[in-house]
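Undergrad: Protein chains in written order, with the working numbering: chain A, 348 to 418; chain B, 121 to 590.
All residues carry an ideal CB built from backbone N, CA and C; glycine is no exception.
My questions all concern the structure below.
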Amino acid sequence: MTRPTVKEIKAIADIAGIAVSNEVAERIANSIGPAFEGFAAVAGTLPFDLEPATFVLVQQAIRTTHEKAAP
Amino acid sequence: MNTEPALMSLTSVAKAIAEKRVSSREATQSCLDGIAQWQPRLNAFMTIEAEEVLAAADAADGALAKGNSRGVLHGVPLAHKDMYYEAGKVVTCGSKIRRDFVAKTTSTALQRLKDAGTIRLGSLQMAEFAYGPTGHNSHYGPVHNPWAVDRITGGSSSGSGSAVAARLTFAALGSDTGGSIRMPAHFCGVTGLKTTYGRISRAGAMPLSQSLDTVGPLARTVEDCALLLRLMAGADAEDPTAAAGPVPDYMAAARQPIKGLKVGVPSSFYVDDLDAEVARILDETVAALKREGAEIVQVELPDQRQLTASCQLVLAVEAAAFHKRWLIERPQDYGPQVLMRLQNGLAIPGVTYLEVMRWRGPALSAHLAAVAGVDAVIAPVAPVAAPTIAESDVGNSPDAESVIQRLTRFTRPINYLGLPSLSIPAGFTRGGLPVGMQLIGRSFDEAMLLRIGAAFQRLTDFHERVPNSA
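Below, the structure written as structure tokens:
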């Protein structure tokens with residue numbers, strides 16, 4: 348996954364109902380671009396059955412473990 | 121013990137009021153005297169409600185004289201970040217857009233503190249809509265650091281950090297979405313607790329990012345944070361993400377020794393590119409914990425840069441979604457920096473956002489596996505002490521953006537993972553600026569962090585030092 352281009356940002360923002368100028372789109376690309384690059388190694392690699400609620404399950408599992416271990 | 125009431129810790133002044141050694145009026149007046157002295161230089165308060173709080177203090181004293189106590193914080197005056205709704209009060213959220221917004225409800229966290237007996241001193245400054253890490257605010261002016269007034273406080277809980285450090289309130293609520301409690305705690309030399317995602321209800325707290333927002337206290341001591349957490353934590357019908365189940369006795373946990381506990385020091389990322397003085401203070405903190413009986417071990421954490429990137433993507437999208445209506449209708453009413461940050465969220469496709477959210481579970485699992493052998497991890501809150509307000513002003517300094525990116529490096533990964541993290545004052549630079557260290561724990565294990573942090577504060581006096589008001 349690479350950082351979005353100015354053209355792509357303008358298109359996405361337009362669809363969201365908030366048109367941005369070329370200058371703003373370029374600034375957004377420079378500002379949020381590194382985050383896209385940071386996530387690139389993960390993007391497109393996740394297993395099919397994984398859903399966001401897994402996070403809550405992991406949280407609860409560790410909570411149960413250390414609450415049982417508490418004095 | 122300090123005889124000036126405002127210099128006492130939260131737990132000390134609450135006990136003194138309960139035992140009638142100090143009246144609520146004396147404690148309140150002592151805070152107001154400090155506010156009168158400091159506020160022109162700090163800009164920490166959004167509103168100061170002197171007449172109302174003195175009347176409330178007198179009522180609290182009157183009730184106590186008749187044997188009626190409302191709770192463990194009976195008659196203690198507090199001010200909080202101006203994003204916690206209180207019915208009938210203006211809650212600006214640090215913004216022009218909400219300059220006249222009057223809340224219809226009271227936030228659960230605030231209500232639980234009121235139920236314990238606190239009285240309202242006023243409200244505290246913050247970054248606009250809690251979306252800024254420095255303490256700058258283009259509508260209300262920057263908040264200043266009481267240790268050096270030309271320095272930033274950190275944000276977004278800027279007023280909370282500044283006011284607690286200057287002893288103007290005994291504690292304050294902050295919020296932490298990307299580091300907004302821990303950074304002001306670090307830069308201002310106070311104790312700050314970023315709670316586990318779901319530990320404290322967020323009902324009635326201004327939203328920024330529903331997947332990352334957490335409520336927590338800034339206070340003078342770990343013991344104070346333990347008391348406040350105990351009062352605020354627990355299930356809430358108004359917030360389905362607030363965790364059910366019993367709330368531990370955090371005060372008891374804070375009294376436990378740390379002999380035999382294992383504290384992990386990251387082998388990379390959190391120890392890279394540190395300012396020399398921050399590196400020295402990290403070493404000294406680790407050495408102090410070791411002397412107290414903790415075992416220090418090195419831990420290798422998963423790639424933290426991926427977590428930072430994930431936090432940025434989630435935050436940008438969710439913040440833009442909350443603000444979309446105002447981005448369309450009132451873009452001119454945002455400060456330029458906040459508007460730019462909000463616009464960033466417009467560039468992120470839905471599939472990318474959901475992919476980042478789907479990865480959160482596996483990322484937390486990987487982190488927990490990496491720290492399975494330790495009770496907590498210690499790391500700096502930021503690689504530097506407080507920069508100047510001028511050098512971190514994005515509008516006026518060409519290097520400001522890189523300064524700001526550096527500040528938030530060590531806090532964002534923790535928000536993405538939803539973990540608790542306790543920032544404790546750990547030392548001072550040779551120039552007199554405070555430096556904090558964060559203890560990072562497992563989900564819902566705030567008790568362990570409070571235990572280690574309290575042990576450190578029994579060994580040191582960094583949390584007791586007070587900035588000079590002269």
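1) With burial defined as no fewer than 16 other Cβ atoms inside 10 Å of the residue's Cβ, what is the status of Asn588(B): buried or exposed?
2) If contacts are defined as beta-carbon pairs under 8 Å, then Leu351(B) and Leu233(B) qualify, I think. What distance do you get, rounded to the angstrom?
3) Give, in chain order, every residue of the region 373-386 of chain A whose Cβ lies closer than 8 Å to some Cβ of chain B.
4) Got a sec: which bits of the region 466-485 of chain B sit with their beta carbon under 8 Å from any beta carbon on chain A, in order along the chain?
5) Here's the rule I'm using: 16 or more other beta-carbon atoms within 10 Å means buried, otherwise exposed. How should Met121(B) be labelled?
6) So what's Lys216(B) in DSSP terms, helix, strand or just coil?
7) Can you give me the start and stop residues for the alpha helix (DSSP H) that Phe548(B) sits inside?
8) When the distance is taken between beta carbons, is Val504(B) closer than 8 Å to Asp403(B)?
9) Interface residues of chain B around Thr401(A) at Cβ under 8 Å?
10) My guess is that Leu427(B) and Leu537(B) are in contact by the Cβ rule of under 8 Å, so how many angstroms apart are they, rounded?
11) Alpha carbon to alpha carbon, how far is His443(B) from Val476(B)? Give it in angstroms, no decimals.
12) State yes or no: is the beta carbon of Met121(B) nearer than 8 Å to at least one beta carbon in chain A?
13) Between Val491(B), Pro469(B), Asp519(B), Arg240(B), which lies nearest to Ala180(B) when the distance is taken from Cα to Cα?
14) Counting contacts by CB-CB distance shorter than 8 Å, is Glu398(A) in contact with chain B?
15) Hey, how far is the Cα of Leu127(B) from the Cα of Leu184(B)?
16) Identify the contact partners of Ala436(B) in chain A, using a Cβ-Cβ distance below 7 Å as the criterion.
17) For Tyr536(B), does the three-state DSSP call read helix, strand or coil?
18) With burial defined as no fewer than 16 other Cβ atoms inside 10 Å of the residue's Cβ, what is the status of Gly455(B): buried or exposed?
19) Given that a residue counts as buried once 16 or more other Cβ atoms are within 10 Å of its Cβ, and exposed if not, what is Lys554(B)?
20) Around the C-beta of Glu566(B), are 16 or more other C-beta atoms found within 10 angstroms, so that it is buried, or is it exposed?
21) Determine which residues share a DSSP beta bridge with Glu558(B) and list them.
22) Ignore the nearest five residues each way along the sequence and tell me which others in Arg434(B)'s own chain have a CB closer than 8 Å to its CB.
23) Measure from the C-beta of Arg562(B) to each C-beta in chain A and report whether the shortest distance is under 8 Å.
24) If you follow the beta strand (DSSP E) that Glu415(B) is in, where does it begin and where does it stop?
25) Give me the residue from Gly261(B), Thr289(B), Arg218(B), Arg571(B) with the minimum Cα distance to Ser150(B).
26) Hey, how far is the Cα of Ala176(B) from the Cα of Ala147(B)?
27) Quick check: the Cα distance between Ser387(B) and Val389(A), rounded to an integer number of angstroms?
28) Any beta carbon of chain A sitting closer than 8 Å to that of Thr428(B)?
29) In chain order, what residues of the same chain lie with their CB nearer than 6 Å to the CB of Leu527(B), ignoring the 5 residues before and after it?
30) Excluding sequence positions up to five away, which residues of its chain have a Cβ less than 8 Å from the Cβ of Cys213(B)?
31) So Ser378(A) is in the alpha helix (DSSP H); what residue range does that whole segment cover?
32) Closer than 8 Å, Cβ to any Cβ of chain A: which residues of the region 282-306 of chain B, in chain order?
33) Using a 10 Å radius around the Cβ and a threshold of 16 neighbouring Cβ atoms, would you call Ser129(B) buried or exposed?
34) For Pro366(B) and Arg410(A), what's the separation of their Cα atoms in angstroms?
35) Alpha carbons only, please: which of Val342(B), Ala364(B), Gln463(B) is nearest the one belonging to Ala436(B)?
36) Roughly how far, in whole angstroms, is the beta-carbon of Phe307(B) from the beta-carbon of Gly281(B), given that I think they are within contact range, below 8 Å?
TA: Once the coordinates are examined:
1) Position 468 of the second sequence, counting from 1, holds the residue named residue 588(B). Exposed.
2) For this step, residue 351(B) is matched to residue 231 along the second sequence. For this step, residue 233(B) is matched to residue 113 along the second sequence. About 6 Å separates the two Cβ atoms, so the contact holds.
3) Arg374, Ile375, Ala376, Ser378, Ile379, Pro381, Ala382, Phe383, Glu384, Gly385, Phe386
4) Leu466, Ala467, Ile468, Pro469, Thr472, Leu474, Glu475, Val476, Met477, Arg478, Trp479, Arg480, Gly481, Pro482, Leu484, Ser485
5) Counting from one through the second sequence, the residue named residue 121(B) turns up at place 1. Because Met121(B) sits at a pLDDT of 46, beneath the cut-off of 50, its placement in the model cannot be relied upon, and the point is left open.
6) Translated into the one-based positions of the second sequence, residue 216(B) becomes position 96. In this structure, Lys216(B) counts as coil in the three-state DSSP scheme.
7) Position 428 of the second sequence, counted from the first residue, corresponds to residue 548(B). Looking at the DSSP string, Phe548(B) is not in any alpha helix (DSSP H); the run it does join, the beta strand (DSSP E), is 541-548.
8) On the second sequence, position 283 is the one that residue 403(B) refers to. On the second sequence, position 384 is the one that residue 504(B) refers to. Contact flag unset, no.
9) Locating residue 401(A) in the first sequence gives position 54, where the first residue counts as 1. Going along chain B in sequence order, the residues near Thr401(A) (Cβ under 8 Å) are Arg478, Arg480, Gly481, Pro482.
10) As a first step, residue 427(B) must be located in the second sequence, where it is residue number 307. As a first step, residue 537(B) must be located in the second sequence, where it is residue number 417. Rounded, the Cβ-Cβ distance is 7 Å, consistent with contact.
11) Position 356 of the second sequence, counted from the start, is the residue given in the question as residue 476(B). Position 323 of the second sequence, counted from the start, is the residue given in the question as residue 443(B). For Val476(B) and His443(B), the distance between alpha carbons rounds to 21 Å.
12) The sequence position of residue 121(B) within the second sequence is 1, counting from 1. Reliability fails at Met121(B), whose pLDDT of 46 lies under 50, so the model's placement of it is uncertain and the value that follows must be treated cautiously. False, the Cβ-Cβ gap to chain A never drops below 8 Å.
13) Counting from one through the second sequence, the residue named residue 180(B) turns up at place 60. Checking every option, the nearest Cα to that of Ala180(B) belongs to Arg240(B).
14) Locating residue 398(A) in the first sequence gives position 51, counting from the first residue. Glu398(A) counts as touching chain B.
15) Residue 127(B) sits at position 7 when you count from the first residue of the second sequence. Residue 184(B) sits at position 64 when you count from the first residue of the second sequence. Rounded to the nearest angstrom, the two C-alpha atoms are 22 Å apart.
16) For the purposes of this step, residue 436(B) is taken as the residue at position 316 of the second sequence. Neighbourhood of Ala436(B) in chain A, by CB distance below 7 Å: Ile379, in chain order.
17) Residue numbering aside, residue 536(B) sits at position 416 when the second sequence is read from its first letter. If DSSP states are grouped into helix, strand and coil, Tyr536(B) belongs with the helices.
18) Locating residue 455(B) in the second sequence gives position 335, counting from the first residue. When all chains shown are included, Gly455(B) counts as buried.
19) As a working note, residue 554(B) is residue 434 in the second sequence. A small fix is needed here, since residue 554(B) is Pro in this sequence, not Lys. It counts as buried.
20) Residue 566(B) sits at position 446 when you count from the first residue of the second sequence. Classification for Glu566(B): buried.
21) Working through the second sequence from its first residue, we reach residue 558(B) at position 438. The question names Glu, but residue 558(B) in the sequence shown is Gln. Note: Gln558(B) sits in a beta bridge opposite Ala499(B), Ser543(B).
22) Locating residue 434(B) in the second sequence gives position 314, where the first residue counts as 1. The identity of residue 434(B) in the sequence shown is Val, whereas the question assumes Arg. Only Ser329, Ser331, Leu332, Tyr473, Val476, Met477, Tyr536 meet the Cβ criterion.
23) Here residue 562(B) corresponds to residue number 442 of the second sequence, with the count starting at 1. Output row for Arg562(B): interface = yes.
24) Position 295 of the second sequence, counted from the first residue, corresponds to residue 415(B). Run containing Glu415(B): 415-419, per the beta strand (DSSP E) assignment.
25) Counted from its first residue, the second sequence places residue 150(B) at position 30. Out of Gly261(B), Thr289(B), Arg218(B), Arg571(B), Thr289(B) has the C-alpha closest to the C-alpha of Ser150(B).
26) By 1-based counting over the second sequence, the position of residue 176(B) is 56. By 1-based counting over the second sequence, the position of residue 147(B) is 27. Rounded to whole angstroms, Ala176(B) to Ala147(B) spans 12 Å at the Cα level.
27) If you number the second sequence from 1, residue 387(B) lands on position 267. If you number the first sequence from 1, residue 389(A) lands on position 42. Distance between the alpha carbons of Ser387(B) and Val389(A): 22 Å.
28) The residue you call residue 428(B) lines up with position 308 of the second sequence. Taking Cβ atoms only, chain A reaches closer than 8 Å to Thr428(B), which makes this a yes.
29) As a position in the second sequence, residue 527(B) is number 407, starting the count at 1. So the list reads Pro253, Ala502, once near-sequence residues are dropped.
30) Looking up residue 213(B) in the second sequence gives position 93. Only Asp202, Met203, Phe221, Met246, Glu248, Phe249, Ala250, Met326 meet the Cβ criterion.
31) By 1-based counting over the first sequence, the position of residue 378(A) is 31. Per DSSP, Ser378(A) belongs to the alpha helix (DSSP H) from 369-386.
32) none
33) For the purposes of this step, residue 129(B) is taken as the residue at position 9 of the second sequence. Under this definition Ser129(B) is a buried residue.
34) Position 246 of the second sequence holds residue 366(B). Position 63 of the first sequence holds residue 410(A). If you take the alpha carbons of Pro366(B) and Arg410(A), they lie about 11 Å apart.
35) In the second sequence, residue 436(B) corresponds to position 316, counting from 1. The shortest Cα separation from Ala436(B) among Val342(B), Ala364(B), Gln463(B) belongs to Gln463(B).
36) Along the second sequence, read from residue 1 onward, the residue named residue 307(B) stands at position 187. Along the second sequence, read from residue 1 onward, the residue named residue 281(B) stands at position 161. At roughly 7 Å, the Cβ-Cβ gap stays under 8 Å, so Phe307(B) and Gly281(B) are in contact.
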